[in-house]
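Colleague:
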Amino acid sequence: MSETIVRAMEQIDRFSWSGAGFDAWLFGIMRNVVFEGYRADAKARRDRYFVPDDSVRLDPLETVVALNDADRVRRAFSQLSASEQEVLELRVVAELTSDGAAEVLGKKPGAVRMAQARALDRLRTFMTEVDRGD
70 MSETIVRAME
80 QIDRFSWSGA
90 GFDAWLFGIM
100 RNVVFEGYRA
110 DAKARRDRYF
120 VPDDSVRLDP
130 LETVVALNDA
140 DRVRRAFSQL
150 SASEQEVLEL
160 RVVAELTSDG
170 AAEVLGKKPG
180 AVRMAQARAL
190 DRLRTFMTEV
200 DRGD
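In structure tokens, the structure reads:
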């Protein structure tokens with residue numbers, strides 16, 4: 070987070086109020102910081118997706134089920150292309166609007182919505198394959 074703020078302050082003169090606004094611009098910087106970290110650390114790349122929150126106390130069976138579900142999603146998600154992963158990360162994980170994601174990705178909002186729909190369809194297909202053991 071601190072690296073994002075430092076970079077934002079260094080680049081603030083490049084910001085202009087257009088499209089999705091300040092939060093999308095800031096998220097774009099944060100996305101670059103995070104992706105640079107992932108590239109530098111292969112282990113971090115594997116661990117970037119959902120892991121059950123330690124503050125939530127589950128019984129042992131619920132813990133095993135949650136970990137199994139997270140593993141299934143990770144395996145299916147890893148089969149998506151980098152661009153499909155990025156669209157879903159922006160829209161689903163970061164909860165950006167299609168306008169905000171479009172600003173970050175340099176695309177039109179309609180193209181982002183279409184890419185999201187295609188990525189979700191492919192994710193469903195891969196989840197089914199993971200369930201079958203393909």
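Residues 70 to 203 in our numbering are what the sequence shown spells out, letter by letter. Backbone N, C-alpha and C fix where the C-beta goes; we use that ideal spot for every residue, glycine too.
1) Is the segment 160-173 touching the segment 192-199, taking contact as three or more C-beta pairs under 8 Å?
2) Can you give me the Cβ contacts of D190 inside the same chain, cut-off strictly under 6 Å, excluding the 5 residues immediately before and after it?
3) Give the range of the alpha helix (DSSP H) segment to which R143 is assigned.
4) Given a threshold of 16 other Cβ atoms within 10 Å of its Cβ, counted over all protein chains shown, does V134 qualify as buried or as exposed?
5) Is the Cβ-Cβ distance between L149 and Q185 less than 8 Å?
6) Starting from L159, trace the alpha helix (DSSP H) in both directions and tell me its first and last residue.
7) So I81 is in the alpha helix (DSSP H); what residue range does that whole segment cover?
Modeller: With the given structure in hand:
1) With the cut-off at 8 Å, the segment 160-173 and the segment 192-199 do not touch.
2) None.
3) If you look at R143, you'll find it in the alpha helix (DSSP H) that goes P129 to S147.
4) So V134 ends up on the exposed side.
5) Not in contact: L149 and Q185 (Cβ atoms no closer than 8 Å).
6) For L159, there is no enclosing alpha helix (DSSP H), as DSSP gives it neither H nor E.
7) Unbroken run through I81: none, as it is neither H nor E.
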